[in-house]
Amino acid sequence: MKNNFIRILISLIPLCALGQTQKKEINQQLQTWVSINTVTKFADHWGVIGDFHIRRNDFVADPSFYFIRGGISYIPNSNISLNLGYAHMWLAPSNPDWSTFADENRIYQQAQLNTKFGNISILQRLRNEQRWQEKIVNDKPSGDWRFTNRIRYLMSFTFRISDKKSWLQMVLSDEILLHFGEEVIYNTFDQNRFFVGIKKNINPKWSYDFGYMNVYQQKYSGYQYDMNHTIRLFFYLSTSIRKKAPSEIENSGDE
1 MKNNFIRILI SLIPLCALGQ TQKKEINQQL QTWVSINTVT KFADHWGVIG
51 DFHIRRNDFV ADPSFYFIRG GISYIPNSNI SLNLGYAHMW LAPSNPDWST
101 FADENRIYQQ AQLNTKFGNI SILQRLRNEQ RWQEKIVNDK PSGDWRFTNR
151 IRYLMSFTFR ISDKKSWLQM VLSDEILLHF GEEVIYNTFD QNRFFVGIKK
201 NINPKWSYDF GYMNVYQQKY SGYQYDMNHT IRLFFYLSTS IRKKAPSEIE
251 NSGDE
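The numbers in the working numbering rise by one with no breaks, and the one at position 105 of the sequence shown is 105.
Following this line, the structure appears as structure tokens:
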């Protein structure tokens, strides 16, 4: 009986080896990410948002993506905003021998909450995205699209060093992204984005944040990852076409 059990275990070893996933591959990259993120209030509780993003690989040598987003924002008070809109991405090919950019269309819904505890401002954002990603085959559009639904949760902390608005502030944030769909088999986890940097108010309408963002992304294969060491510079513009002061609701940016 014991010998039979040992034979069964030995016979299962090759099957277990075949069932193992491939060894994890991590691609280290240096990136630069620049964007402008706008909120324009046109009524007491309503506004429009518009973002434009450029991300480059190898510092600034090669394109990563170009991204534009617009939407409508309902702002019941200075702490809460609800957004709905559309976005489009032009994604550069990962194959160095290819030149065709892949299109991506998105519809998104978003809820954002701003709170304060002493000198710390806390921003929480929940975003849901429906994404249609174009498939490129042999450097040509295939006519096929991959559909996924992605859920994102961001928590960001801004530490005010002084009561003077002209002083620098410290920012620490993290966002996790999960996606689902028929073609999402090996990577329900999509990516995680960690950011540390500074924030500065230029004037009552303009501000920016600058710092380091680590983007850790799992590919559809399940065993391939990108570790993107990213220099991030985001500009924020808050305006109003009404006479009253612009809303203090922050457009939290991010592609």
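Glycine residues also receive a C-beta, built at the ideal position from the N, C-alpha and C atoms.
Residue i, DSSP secondary structure in three states
i	result
R242	coil
T188	coil
Y208	strand
S64	strand
G50	strand
E183	coil
K164	coil
Q22	coil
F195	strand
L237	strand
E134	strand
Y223	coil
N201	strand
Terminal residues of the beta strand (DSSP E) in which residue i lies
i	result
P141	140 to 160
Q169	169 to 180
E25	25 to 43
Separation of residue j from residue i, as counted between CA atoms
i	j	result
F195	G143	36 Å
L91	N77	36 Å
D62	R131	24 Å
D209	G118	21 Å
N83	D254	14 Å
T100	R56	16 Å
K23	S238	47 Å
G47	E183	36 Å
T40	I161	28 Å
E25	K205	44 Å
S73	T148	24 Å
H229	S64	13 Å
H179	F189	7 Å
L192	Y225	Per the sequence shown, residue 192 should be read as Asn rather than Leu. So the alpha carbons of these two residues sit roughly 11 Å apart.
R106	R232	23 Å
D276	S81	With the chain running from 1 to 255 in the structure shown, residue 276 is simply not present.
A111	I136	33 Å
N95	K164	49 Å
D58	P141	25 Å
V34	Y86	20 Å
Per-residue burial, residue i [other beta carbons within 10 Å of its own, 16 or more giving buried]
i	result
Q28	exposed
T115	exposed
Y236	buried
I241	exposed
K199	buried
D97	exposed
D51	buried
L154	buried
I75	buried
S166	exposed
H257	Nothing can be reported for residue 257, as the shown portion of the chain is limited to 1 through 255.
M286	The shown model of the chain, from 1 to 255, leaves out residue 286, and the question about it has no answer.
I202	exposed
S221	exposed
F42	exposed
I185	exposed
Any C-beta of chain C under 8 Å from that of residue i
i	result
S73	Reference to chain C is not applicable here, since this structure consists of a single protein chain.
Of all the beta strand (DSSP E) runs that stay within the bounds of the region 68 to 132, which reach a length of 3 or more residues? Qualifying beta strand (DSSP E) stretches, in chain order: 80 to 91, 102 to 117.
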